[in-house]
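Protein chains: 2
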Amino acid sequence: MEPLLVYPDPVPPELAQALDLSGYPWKAVVDERTAVRVEPDDGWTGAIVVAANDPDGAFALCRTLRKRDLPLEPMLLLVSGGQLGDLELRDELFDDFCLYPFQPLELEARLKHLFWRSGRGTRPELVEYGPLVLNLETYQAAIDGAPLDLTYMEYELLKFLASHPGRVFTRETLLSRVWGYEYYGGARTVDVHIRRLRAKLGEQHANLIQTVRSVGYRFGQSRWSI
Amino acid sequence: MEPLLVYPDPVPPELAQALDLSGYPWKAVVDERTAVRVEPDDGWTGAIVVAANDPDGAFALCRTLRKRDLPLEPMLLLVSGGQLGDLELRDELFDDFCLYPFQPLELEARLKHLFWRSGRGTRPELVEYGPLVLNLETYQAAIDGAPLDLTYMEYELLKFLASHPGRVFTRETLLSRVWGYEYYGGARTVDVHIRRLRAKLGEQHANLIQTVRSVGYRFGQSRWSI
DNA sequence: CTCGTATGTGAACGCACTGTGAACCGGATC
DNA sequence: GATCCGGTTCACAGTGCGTTCACATACGAG
Chain A
33 MEPLLVYPDP VPPELAQALD LSGYPWKAVV DERTAVRVEP DDGWTGAIVV AANDPDGAFA
93 LCRTLRKRDL PLEPMLLLVS GGQLGDLELR DELFDDFCLY PFQPLELEAR LKHLFWRSGR
153 GTRPELVEYG PLVLNLETYQ AAIDGAPLDL TYMEYELLKF LASHPGRVFT RETLLSRVWG
213 YEYYGGARTV DVHIRRLRAK LGEQHANLIQ TVRSVGYRFG QSRWSI
Chain B
33 MEPLLVYPDP VPPELAQALD LSGYPWKAVV DERTAVRVEP DDGWTGAIVV AANDPDGAFA
93 LCRTLRKRDL PLEPMLLLVS GGQLGDLELR DELFDDFCLY PFQPLELEAR LKHLFWRSGR
153 GTRPELVEYG PLVLNLETYQ AAIDGAPLDL TYMEYELLKF LASHPGRVFT RETLLSRVWG
213 YEYYGGARTV DVHIRRLRAK LGEQHANLIQ TVRSVGYRFG QSRWSI
């Protein structure tokens with residue numbers, strides 16, 4: 033995913049934190065020229081422009097990026113309460129705005145809605161570990177970019193393990209956490225699923241799941257190794 | 033100017049005051065049926081729906097007014113901070129939202145921007161995915177240019193799925209999102225509609241809808257955007 | 001090295017989930 | 001009231017896959 037353009041540079045720390053937490057890649061620019069110069073080949077995914085502190089520079093940037101052959105959108109404006117009255121005359125420069133200071137959840141919700149509107153959809157929820165990627169929305173998994181064809185229980189087991197890398201789980205714990213608390217099956221069931229997961233991960237990545245003898249299984253490297 | 037629809041009735045006093053001050057004519061309704069019954073001949077100019085206190089009633093109203101031949105827009109949602117996370121899956125039910133309680137100036141600015149936007153017709157009237165095209169205005173569907181003869185529920189189901197490509201939905205989710213929140217039918221109903229959709233999509237495109245065993249159904253391929 | 005325990009492996013069983021055809025049922029139309 | 005249409009439900013069949021078992025192999029203690 034190409035990054036979002038963020039203005040100004042340096043970015044207010046609470047904005048940087050909110051963007052990082054919500055998972056959007058972003059890149060700050062100091063002015064219009066920089067915005068054009070460091071633009072990715074595929075263009076910016078969108079823009080977040082803080083107009084609260086430097087309205088002139090902010091609106092100039094918006095105008096530049098909007099008047100091009102391929103207008104930059106979506107554009108989210110962060111404005112102070114006193115600037116609300118000025119927005120009326122600048123409708124064409126932004127797609128949505130948010131009061132500044134903002135609540136991180138509101139900012140995230142606005143970004144999601146903006147991306148939905150612009151047809152690009154929201155950022156998928158992912159569980160990642162090294163070459164492994166689990167897409168929680170589509171129930172698909174991939175390793176080294178190659179899709180893994182996992183069954184339901186295999187996916188659930190791998191999701192749980194990959195969500196807690198480095199940690200060892202006993203078979204009983206896995207049965208209760210993955211299969212369900214009231215599950216009364218044999219512990220060997222876990223072994224079989226682990227085996228099939230290793231097989232599907234391929235010889236190269238089978239060691240992502242390690243056996244801890246007399247204890248259980250661990251995904252990824254131990255926290256104490258080295 | 034035709035009035036704005038406002039929900040619920042009675043309207044929170046600060047909302048009534050803000051609307052009166054900003055000069056918009058408005059009319060409150062107690063429920064969906066009233067909204068349809070007292071609708072002006074030329075239709076509502078837009079809607080302001082307070083979802084903070086009665087989310088179920090509010091979203092039901094939004095759904096009703098959006099599912100018609102001529103969807104009501106623009107729609108502004110007033111939500112509490114705790115509801116921000118729920119908005120993600122209801123993108124199609126509103127055009128903009130505002131935190132509640134709100135600042136009168138922010139509400140007014142959002143209304144102005146919404147009307148400016150809707151004056152230029154930014155709402156997409158088509159849902160497209162690969163060879164599939166859904167025309168939301170005419171309720172027509174086509175694949176590879178050939179028209180599809182879909183029934184109402186088939187169309188609604190396909191529209192919802194195609195609006196969220198790659199994402200897996202459980203039967204329960206589909207029942208609540210497509211059929212309605214208070215629907216208490218059997219989950220197998222979904223299966224039958226999926227089957228008929230696949231049949232009408234034709235052998236070549238039947239795989240646009242995939243079964244995710246033990247979970248539900250997915251439309252189209254996942255997006256591995258990263 | 002030997003033994004006992006723990007884990008890997010292949011195969012088989014059987015249930016639960018889904019696909020499918022058809023019946024049912026309520027509403028609309030004439 | 002008769003008929004049609006679309007949505008829902010039901011019964012049945014096929015099968016994917018979770019579970020279990022039996023046996024092979026690996027590991028560690030002594």
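One line per chain: the protein sequences are A and B, in this order.
Here the numbering used here = 1-based position in the first sequence + 32.
Here the numbering used here = 1-based position in the second sequence + 32.
All C-beta atoms, glycine included, are put in the ideal place defined by N, C-alpha and C.
Beta-bridge partners assigned by DSSP to A:Ala-79: A:Leu-37 and A:Met-107.
Cβ-Cβ distances below 8 Å link A:Ser-195 to Val-159 in the same chain, with the five nearest sequence neighbours on each side left out; the list follows chain order.
One Cα belongs to A:His-237, the other to B:Val-38, and the distance between them is close to 58 Å. Across the structure, B:Asn-239 and B:Lys-99 are spaced so that their CA atoms are roughly 27 Å apart. Listed in chain order, the positions of the segment 120-133 of chain B with a beta carbon within less than 9 Å of a beta carbon of chain A are Glu-120, Asp-123, Glu-124, Phe-126, Asp-127, Asp-128, Phe-129 and Leu-131.
Residue pairing for B:Thr-202: DSSP places it in a beta bridge opposite B:Gly-248. Counting the other CB atoms within 10 Å of its CB gives A:Asp-52 a total below 16, which places it among the exposed residues.
A distance of 8 Å or more separates the beta carbons of A:Leu-109 and A:Val-68. Put simply, the CB of A:Ala-141 is near chain B, with a gap under 8 Å to one of its CB atoms. The beta-carbon of B:Arg-250 is placed less than 8 Å from the nearest beta-carbon of chain A. A:Gly-55 sits exposed, since fewer than 16 C-beta atoms from the chains shown fall within 10 Å of its C-beta. Fewer than three beta-carbon pairs drawn from the segment 205-225 of chain B and the segment 129-137 of chain B are found closer than 8 Å, and the two stretches are therefore not classed as touching. Close partners of B:Trp-148 in chain A (Cβ separation under 7 Å): Asp-123. Chain-ordered listing is empty here: chain A has no CB closer than 8 Å to the CB of B:His-237, the nearest sitting near 19 Å. In this model, B:His-145 and B:Leu-119 are separated by some 20 Å (Cα to Cα).
Between A:Phe-201 and the set A:Glu-214, A:Met-185, A:Leu-180 and A:Asp-223, the nearest pair of CA atoms involves A:Asp-223. For A:Ala-173, the CB contacts under 8 Å within the same chain, skipping 5 residues up- and downstream, are Leu-164, Val-165, Leu-166, Asn-167, Pro-179, Leu-180, Leu-182, Tyr-187 and Leu-190 in chain order. Under the criterion of beta carbons closer than 8 Å, A:Pro-87 and A:Gln-115 qualify as touching, at roughly 7 Å. B:Val-247 sits close to A:Tyr-171, with the two beta carbons spaced by under 8 Å. It is roughly 10 Å from the alpha-carbon of B:Pro-35 to the alpha-carbon of B:Ala-60.
Under DSSP, B:Ile-175 forms a beta bridge with B:Leu-164 and B:Ala-178.
Contact annotation, B:Ile-241 with B:Arg-230: C-beta distance approximately 6 Å; criterion of less than 8 Å satisfied. Per the coordinates, the alpha-carbon of B:Gln-253 lies some 45 Å from the alpha-carbon of B:Pro-44. Contact annotation: B:Ala-92 and B:Glu-64 have beta-carbon atoms nearer than 8 Å. Considering only A:Tyr-184, A:Val-70, A:Arg-149 and A:Pro-106, the residue with the shortest C-alpha distance to B:Arg-245 is A:Tyr-184. Taking a contact as a CB-CB distance under 8 Å, the pair A:Leu-102 and A:Gly-75 counts as one, their CB atoms being some 7 Å apart. A direct Cα-to-Cα measurement between B:Trp-58 and A:Ser-112 gives close to 28 Å. Going by beta carbons, A:Leu-125 and A:Arg-95 fall inside the 8 Å limit. The straight-line gap separating the alpha-carbon atoms of A:Asp-127 and A:Pro-106 is approximately 6 Å.
With respect to chain B, the C-beta atom of A:Tyr-184 has a partner C-beta closer than 8 Å. Per DSSP, the beta bridge partners of A:Gln-242 are A:Arg-250. Within a 10 Å sphere around the beta-carbon of A:Pro-72 sit fewer than 16 other beta-carbons, which makes this residue exposed. Just measuring C-alpha positions, the residue of B:Leu-104, B:Tyr-249 and B:Tyr-132 sitting nearest B:Phe-147 is B:Leu-104.
Burial of A:Leu-206 is indicated by the presence of at least 16 other C-beta atoms within 10 angstroms of its C-beta. Not one beta carbon of chain A lies nearer than 8 Å to the beta carbon of B:Gln-49.
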